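Trainee: In terms of full-length UniProt numbering, the sequence shown opens at residue 1 and continues consecutively.
Dropping a structure here in structure tokens format, bear with me for questions.
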Amino acid sequence: MKEALLKNRPIKITDTTLRDGNQSLWLARLRTEDILPILPQMDQIGFSSIEVWGGAIFDACLTFLKEDPWQRLRAIKERVPKTPLQMLLRGQNLVGYRHYSDDVVHKFVKLAAKNGIDIFRIFDPLNDVRNFRTAIEAAKEAGAHVQGAVVYTISPVHTLEHYLEIAHQLVDMGIDSLCIKDRTALLSPSRTHSLIQELKKNFSLPLQLHCHYAGGLALINYLKAIEAGVDAIDTVSIPLASGNSQPPTEMIATALKDTPYDTHLDLERLYEIAEYFEEIRIKRGFERGSASVIQMKQLSQQIPGRMISNLQAQLKEKDALSRLEEVLEEIPKVRAEAGFPPLITPLSQIIGTQAILNVLTGKRWSVVPDEMKSYVKGLYGRPPGPVAEDIQKKVLEDEKPIDCRPADLLPDFYDVASQEIGDLAVCSKDVLSYCLFPQATRSFLESKRGIRESTFSSPELAEEDKEPQMDLGRIREVIKLMENSNLAEMIVEEGDLRITLRKSPGSPGTREGSQVREAERGEKKVPLGEEELQKVISPMVGTFYRTSAAEQPPFVEVGDIIEVGQPLCMVEAMKLMNEIISDIEGEVVEICVEDGQPVEYGQVLFWIRPL
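See the structure below:
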């Protein structure tokens, strides 16, 4: 009888090729035209669902591929009428990088469901269930399947009881299924078996496991989870498997064939799909996934492999490899002092950046990025454990952490956004895109309407895209610049890491301000006969904007007389708008960059004649 029951429990497979595989290995650069031809074949395989949207896909469509993410979703749905479509939703963050107001969350989820999403996998980086609430309510109202995802990590506060408690709260919110999301590949086979077994004992709803291959144990974890009773797992097509992605579907289907857990997926069809994606991989110049020694170490170090490899490469390049161990030792300390957040986006950037600054400055917590201050204040959600009292005092000074859900502080924004984008938006999808990514959406819509020339960013992987790394030499230079200038704020952005430096009141500076030392890239000569001019350069890589909003006049025009402290322009970096302030009184002689164009670190933005 037991054998017969087991034979009735085939393992369900969610294919994540088009979303997580694409994002984890190919930086979400698959074009819609690459995806559409193979969809009818994928629809016939028998996947329990296909993950096609969410995560970084939305942003990549607008920013890099110059595609409408909503149109992509509708096109996919038309070609996949049989298999449920799934998306990854980052709770109150939706598919962006900050919290959005409740009205935006409701409208976004409702429209995503209307355009083809059947299953919403909802998670919060901190496992703060308050950040799930609105998204779950909206998905349930839309009649969609809601899967609550619990982020897995290792720390003194992330115990088995912790995961059971989070799961209980999500079940009470009305989720339809539960997922354990091991984004940082920290699960071991024994932990996997224990966790899945306890969850199955306590909950009757379907249970899914999401693992990444980076630590090399994902396949074994899946097999142990299956033994413990898991109902579904995530896999990808071979060309997008392994490395930072998931295990290959073909391997799992083969391993389970002729067992009580047989997936009953057609291997020959799976290989045909894999051959198609292999052709795309070669055509676009994408890389295969592979496990590295650094990734294999992350189980013992409890630091994601990508963070380690980025640090190692940059330290070696700067002939400072000896500092690697200091930074690796500092990361767990910072994480513990910050209440043990999981090291996933955006928390990994916040913790990693603070650790780097602590090591480079030689004074722990003497420089604190704005993102860390927001985290300690509770603006990302409630930390899993308490933030160290002395650190909280040093970061917040006399301020206190908020004691409410972060989104409770946000006024409704949809109608405001609709007015801001104006006639460029012809439907609610355009307005919602603008709510999440205002500058990228405005640029996309203007290009689409023929208002501005399209600045298409090739989706093939540029050399600098393949291994996003933090340039430690740049950090040192920025710290020095901050100490010797009147700049109020600087951002350093390198791949997965970002630093925002804001000078405290009373910091010493010089008259040079933003006219810092010359940079090799983006250098522009002084206009002929104007050797006495002062230059204003970009303190970061980003996008240059002459106005604060499309309907507003430019901050300055050629011939304007400007004062110290007057805004000159905005530079967008990592979805944050950074105001560039004049540190001198003078006349604007030349504006060197066109509105909406990308700028490099150190590139000249303005020439000013001092008065």
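Ideal Cβ placement from N, Cα and C applies to all residues, glycine included.
All values reported here derive from a predicted model rather than from experimental measurement.
Work out the CA separation of G289 and D595 for me, nearest whole Å.
Mentor: Within the sequence shown, the letter at position 595 stands for residue 595. Within the sequence shown, the letter at position 289 stands for residue 289. The straight-line gap from Cα to Cα measures roughly 38 Å.
Trainee: What is the rounded straight-line gap between the Cα of L187 and the Cα of V593?
Mentor: Position 187 of the sequence shown, counted from the first residue, corresponds to residue 187. Position 593 of the sequence shown, counted from the first residue, corresponds to residue 593. Each residue's Cα considered, the two are about 49 Å apart.
Trainee: Does the separation of the CB atoms of I45 and R269 fall below 8 Å?
Mentor: In the sequence shown, residue 45 corresponds to position 45, counting from 1. In the sequence shown, residue 269 corresponds to position 269, counting from 1. Contact flag set, yes.
Trainee: Residues in the same chain with beta-carbon distance under 8 Å from E399, minus the five sequence neighbours each way, listed in chain order, please.
Mentor: Your numbering for residue 399 matches position 399 in the sequence shown. Only K377 meet the Cβ criterion.
Trainee: How about the stretch 228 to 240 and the stretch 15 to 22: do they share at least three Cβ pairs that are nearer than 8 Å?
Mentor: The stretch 228 to 240 is in contact with the stretch 15 to 22.
Trainee: Between P69 and the rest of its own chain, which residues show a CB-CB distance below 6 Å, the 5 nearest in sequence each way excluded?
Mentor: Walking along the sequence shown from the start, residue 69 turns up at place 69. Closer than 6 Å at the Cβ level, and outside the excluded window around P69, lie F58 and C61.
Trainee: Do R29 and the ligand SAM come close, with the Cβ less than 7 Å from some heavy atom?
Mentor: As for the ligand SAM, it is missing from this structure, which has no ligand bound.
Trainee: DSSP three-state call for V104: helix, strand or coil?
Mentor: The residue given as residue 104 occupies position 104 in the sequence shown. In the structure shown, V104 sits in a helix (DSSP, three-state: H, G or I).
Trainee: Expressed to the nearest angstrom, what Euclidean distance is found between the alpha-carbon atoms of L126 and T361?
Mentor: Numbered from its first residue, the sequence shown carries residue 126 at position 126. Numbered from its first residue, the sequence shown carries residue 361 at position 361. Taking the straight line joining both Cα atoms gives about 28 Å.
Trainee: Under 8 Å by Cβ, that's how I've got Q439 and E572 pegged, so tell me the actual separation to the nearest angstrom.
Mentor: Counting from 1 along the sequence shown, the entry for residue 439 is found at position 439. Counting from 1 along the sequence shown, the entry for residue 572 is found at position 572. Correct: roughly 5 Å between the Cβ atoms.
Trainee: P341: which of S322, D430, G381 and N358 sits nearest, CA to CA?
Mentor: Along the sequence shown, one-based indexing puts residue 341 at 341. Considering only alpha carbons, the answer is G381.
Trainee: I'd like the list of long-range same chain contacts for S242, defined as Cβ closer than 8 Å, with 5 residues on each side in sequence excluded.
Mentor: Here residue 242 refers to the residue found at position 242 of the sequence shown. For S242, where only same-chain residues beyond five positions count, the Cβ hits under 8 Å are Y213, P248, R288, G289, S290 and A291.
Trainee: Output yes or no for whether 8 Å exceeds the beta carbon distance between T547 and P554.
Mentor: Looking up residue 547 in the sequence shown gives position 547. Looking up residue 554 in the sequence shown gives position 554. Yes, they are a contact pair.
Trainee: Classify T510 as buried or exposed, calling it buried when 16 or more other Cβ atoms lie within 10 Å of its own Cβ.
Mentor: Start at 1 with the first residue of the sequence shown, and residue 510 comes out as number 510. Note on T510: pLDDT 33, under 50, position unreliable in the model; no value is reported.
Trainee: What's the C-alpha gap between L160 and Q419?
Mentor: On the sequence shown, position 160 is the one that residue 160 refers to. On the sequence shown, position 419 is the one that residue 419 refers to. Taking the straight line from one Cα to the other gives about 48 Å.
Trainee: Taking buried to mean at least 16 other C-beta atoms within 10 Å of its own C-beta, is Y271 buried or exposed?
Mentor: On the sequence shown, residue 271 is found 271 positions in, with the first residue counted as 1. Y271 is exposed by the Cβ-count criterion.
Trainee: Assuming L209 is part of the beta strand (DSSP E), what are its boundary residues?
Mentor: By one-based count along the sequence shown, residue 209 stands at place 209. From DSSP, the beta strand (DSSP E) with L209 extends over L207 to C211.
Trainee: Is it right to say C211 is buried, meaning 16 or more other beta carbons lie within 10 angstroms of its own, or is it exposed?
Mentor: Residue 211 sits at position 211 when you count from the first residue of the sequence shown. Its Cβ being crowded by 16 or more others within 10 Å, C211 is buried.
Trainee: Report buried or exposed for L409, applying the criterion of at least 16 other Cβ atoms within 10 angstroms of its Cβ.
Mentor: If you number the sequence shown from 1, residue 409 lands on position 409. The residue is exposed, with fewer than 16 neighbouring Cβ atoms inside 10 Å.
Trainee: Is the beta carbon of R121 less than 8 Å from the beta carbon of A138?
Mentor: Within the sequence shown, residue 121 is the residue found at index 121, counting from 1. Within the sequence shown, residue 138 is the residue found at index 138, counting from 1. Not in contact: R121 and A138 (Cβ atoms no closer than 8 Å).
Trainee: Which residues in the same chain have their Cβ closer than 8 Å to the Cβ of V171, if we skip the five residues on either side of it in sequence?
Mentor: Residue 171 sits at position 171 when you count from the first residue of the sequence shown. Contacts found: G148, L178, F203 and L205.
Trainee: Give me the Cβ distance between R9 and R405, rounded to the nearest whole Å; I'm assuming they're in contact under 8 Å.
Mentor: For this step, residue 9 is matched to residue 9 along the sequence shown. For this step, residue 405 is matched to residue 405 along the sequence shown. The Cβ separation is near 39 Å, so there is no contact.
Trainee: With the cut-off set at 8 Å, would you say L611 and I580 are in Cβ contact?
Mentor: Counting from 1 along the sequence shown, the entry for residue 611 is found at position 611. Counting from 1 along the sequence shown, the entry for residue 580 is found at position 580. Not a contact, by the Cβ cut-off of 8 Å.
Trainee: Only counting the same chain, and skipping five residues up and downstream in sequence, which positions put a Cβ closer than 8 Å to that of D403?
Mentor: Counting from one through the sequence shown, the residue named residue 403 turns up at place 403. These residues qualify, in order along the chain: G378.
Trainee: From T63 to V395, what does the alpha carbon distance come to, in whole angstroms?
Mentor: To locate residue 63, count along the sequence shown from 1; it is residue 63. To locate residue 395, count along the sequence shown from 1; it is residue 395. Approximately 33 Å between the Cα atoms of the pair.
Trainee: Could you tell me if A549 is buried or exposed, where buried requires 16 or more neighbouring beta carbons within 10 angstroms of its beta carbon?
Mentor: Along the sequence shown, one-based indexing puts residue 549 at 549. Exposed.
Trainee: Is there contact between the stretch 50 to 57 and the stretch 19 to 34, where contact requires at least three CB pairs shorter than 8 Å?
Mentor: With the cut-off at 8 Å, the stretch 50 to 57 and the stretch 19 to 34 touch.
Trainee: Could you pull out every residue in the same chain whose Cβ sits closer than 6 Å to the Cβ of residue 621, ignoring the five residues on either side in sequence?
Mentor: Within the shown structure, residues of the chain are numbered from 1 to 611, placing residue 621 beyond reach of any answer.
Trainee: E12 lies in the beta strand (DSSP E); which residues open and close that run?
Mentor: Within the sequence shown, the letter at position 12 stands for residue 12. According to the sequence as given, residue 12 is Lys; it is not Glu. First-last of the beta strand (DSSP E) with K12: K12 to D15.
Trainee: Where do the N-terminal and C-terminal ends of the beta strand (DSSP E) with C179 fall, by residue?
Mentor: As a working mapping, residue 179 is identified with position 179 in the sequence shown. Run containing C179: S177 to D182, per the beta strand (DSSP E) assignment.
Trainee: Grouping DSSP H, G and I as helix and E and B as strand, with all else coil, what is I344?
Mentor: Position 344 of the sequence shown holds residue 344. It is coil, neither helix nor strand.
Trainee: In angstroms with no decimal places, state the Cα-to-Cα distance between N578 and I350.
Mentor: Stepping through the sequence shown from its first residue, residue 578 is reached at position 578. Stepping through the sequence shown from its first residue, residue 350 is reached at position 350. Their Cα atoms are separated by approximately 18 Å.
Trainee: Which residues in the same chain have their Cβ closer than 7 Å to the Cβ of P383, if we skip the five residues on either side of it in sequence?
Mentor: Here residue 383 is taken as the residue at index 383 of the sequence shown, counted from 1. Hits under 7 Å: L126, A338, G339 and P341.
Trainee: Helix, strand or coil: how does DSSP classify I402 here?
Mentor: Taking the sequence shown and counting its residues from 1, the one referred to as residue 402 is at position 402. The answer is coil: DSSP assigns I402 none of H, G, I, E or B.
Trainee: Using DSSP's beta-bridge definition, name the partner residues of A535.
Mentor: Position 535 of the sequence shown, counted from the start, is the residue given in the question as residue 535. In the sequence as displayed, the identity of residue 535 is Lys instead of Ala. For K535, which the question treats as bridged, DSSP gives the partners W607.
Trainee: Kindly give me the distance between the Cβ atoms of A417 and V426, rounded to whole angstroms, as I take these residues to be in contact under 8 Å.
Mentor: Taking the sequence shown and counting its residues from 1, the one referred to as residue 417 is at position 417. Taking the sequence shown and counting its residues from 1, the one referred to as residue 426 is at position 426. That belief does not hold up - the Cβ atoms of A417 and V426 are roughly 14 Å apart, past 8 Å.
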